[in-house]
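*Asks:* Residue numbers (this note's numbering): 7 to 274.
Structure below.
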């Protein structure tokens, strides 16, 4: 029995020598006692994910730039117009409304083209400053002289100087017997300077030749006299005294005017 006990004691002693020591207490000891070729030590977070305690892993993470990949989901939507985002370095004049109708005793089958003109210090911030309506005809019954267009207009201007306040220039054109389009009537008016709804009646006039010979040739050839730059000439009124005109009719225009930041410049 003693010999057998001695043999068991020596065998247990050899197994204790082969067995590793107790678990390391810190990270350096864990790296020293880690066998070669084994994966780095790992631990588990409370959420279930695994993180590594290894210098090589930390070096690999340090080389990562940290930038996220950009994913394009399509065209970015542009923000809508917000009056609160308007810059205060300008004052703004909004012009909305419509060219409703016109009355012409001797003209029929006309369309109406409008142009909003302003001074050099003004800029078009939003909308369209020019447009053209459809051709309108008088009613086939009764004695009505009215041509109905109901052509809308909408524009937003900005400036730092009220000089050159916007003007509305109207031009009525029609088709002659040769199938050519000619301008028959012109008119202009200022945009109202007060906010709110306004109704204006614009007097329309047409060019008249200086002599009866030119008038007869214009009727034969269908080549009526016209301004070179009609909107600019009518708005600036330069050289208007050299032309001879006649009354053609009247057009009703409805304005809806909005103003902003004029009080900051001391005008209201």
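Ideal Cβ placement from N, Cα and C applies to all residues, glycine included. From a predicted model like this one, the values you see are computed outputs, not experimental measurements.
When you compare the CB positions of residue 152 and residue 109, do they come within less than 8 angstroms of one another, or not?
*Replies:* Yes, the pair counts as a contact, with Cβ atoms nearer than the cut-off.
*Asks:* How many whole angstroms separate the CB atoms of residue 179 and residue 116, which I take to be in contact at a CB cut-off of 8 angstroms?
*Replies:* Between residue 116 and residue 179 the Cβ distance is about 7 angstroms, and since that is below 8 angstroms, they are a contact.
*Asks:* Pop quiz: residue 175 and residue 213 are said to be a contact at Cβ under 8 angstroms. What is the actual Cβ separation, rounded to whole angstroms?
*Replies:* Between residue 213 and residue 175 the Cβ distance is about 15 angstroms, and since that is not below 8 angstroms, they are no contact.
*Asks:* Nearest CA to the CA of residue 232: which residue from 192, 149 and 222?
*Replies:* Checking every option, the nearest Cα to that of residue 232 belongs to 192.
*Asks:* Would you be able to state if there are at least three C-beta pairs under 8 angstroms between the stretch 137-149 and the stretch 196-212?
*Replies:* No: the two stretches stay apart, fewer than three of their Cβ pairs being nearer than 8 angstroms.
*Asks:* For residue 257, which beta-bridge partners are listed by DSSP?
*Replies:* Beta-bridge pairing links residue 257 to 108 and 208.
*Asks:* Leaving out five residues before and five after residue 262 in sequence, what residues of the same chain have Cβ atoms less than 6 angstroms from its Cβ?
*Replies:* Taken in chain order, the residues that qualify are 102, 103 and 203.
*Asks:* Can you list, in chain order, the residues of its chain whose CB lies under 8 angstroms from that of residue 95, leaving out five sequence neighbours each side?
*Replies:* Around residue 95: 166.
*Asks:* Considering only residues of the same chain and omitting the five flanking positions on each side of residue 223, which have a CB-CB separation below 7 angstroms?
*Replies:* Cβ neighbours of residue 223 beyond the five flanking positions: none.
*Asks:* When the Cα atoms are used, what is the spatial distance from residue 125 to residue 161?
*Replies:* Looking at the two C-alpha atoms, the distance is approximately 15 angstroms.
*Asks:* Using a Cβ-Cβ distance cut-off of 8 angstroms, determine whether residue 162 contacts chain D.
*Replies:* Among the chains in the structure shown there is no chain D, since it carries only a single protein chain.
*Asks:* So residue 119 packs on residue 177, CB below 8 angstroms; how close in whole Å?
*Replies:* The pair is a contact, with the Cβ atoms about 5 angstroms apart (cut-off 8 angstroms).
*Asks:* Put residue 279 into one of helix, strand or coil per three-state DSSP.
*Replies:* Because the chain is modelled from 7 through 274, residue 279 falls outside the range shown and cannot be assessed.
*Asks:* Once you ignore the five residues that flank residue 135 on each side, which residues in its own chain have a CB closer than 7 angstroms to its CB?
*Replies:* Result list for residue 135: 121, 122 and 161, in chain order.
*Asks:* Once DSSP output is grouped into helix, strand and coil, what is the label at residue 134?
*Replies:* In the structure shown, residue 134 sits in coil (DSSP, three-state: anything other than H, G, I, E or B).
*Asks:* Of all the options 273, 195 and 100, which has the alpha carbon lying nearest to the alpha carbon of residue 207?
*Replies:* Here the closest residue by C-alpha is 195.
*Asks:* On the DSSP bridge list, what partners appear for residue 187?
*Replies:* In the DSSP output, where bridge partners are listed per residue, residue 187 has 181.
*Asks:* Check each candidate in 237, 210, 234 and 107 and name the one with the smallest Cα separation from residue 142.
*Replies:* The shortest C-alpha separation from residue 142 is found at 107.
*Asks:* Rounded to a whole number of angstroms, what is the C-alpha to C-alpha distance between residue 112 and residue 190?
*Replies:* Between residue 112 and residue 190, the C-alpha separation is close to 11 angstroms.
*Asks:* How big is the Cα-Cα spacing for residue 226 and residue 254?
*Replies:* In a straight line, the C-alpha of residue 226 is about 21 angstroms away from that of residue 254.
*Asks:* Tell me where the alpha helix (DSSP H) around residue 221 begins and ends.
*Replies:* Segment 218-227, the alpha helix (DSSP H) holding residue 221.
*Asks:* In the DSSP output, which residue or residues are listed as bridge partners for residue 197?
*Replies:* According to DSSP, which records beta bridges pairwise, residue 197 is partnered with nothing at all.
*Asks:* Can you check which of these residues, 210, 244, 199 and 154, is closest to residue 268 by C-alpha distance?
*Replies:* Here the closest residue by C-alpha is 199.
*Asks:* Closer than 7 angstroms by C-beta to residue 127: which residues in its own chain qualify, once you throw out the five before and the five after it? Chain order, please.
*Replies:* The answer, listed in chain order, is 165, 166, 167, 169 and 170.
*Asks:* In terms of alpha-carbon separation, which member of 246, 252, 99 and 216 lies closest to residue 172?
*Replies:* Of the listed residues, the one whose Cα sits closest to residue 172 is 99.
*Asks:* From residue 181 to residue 155, what does the alpha carbon distance come to, in whole angstroms?
*Replies:* The straight-line gap from Cα to Cα measures roughly 17 angstroms.
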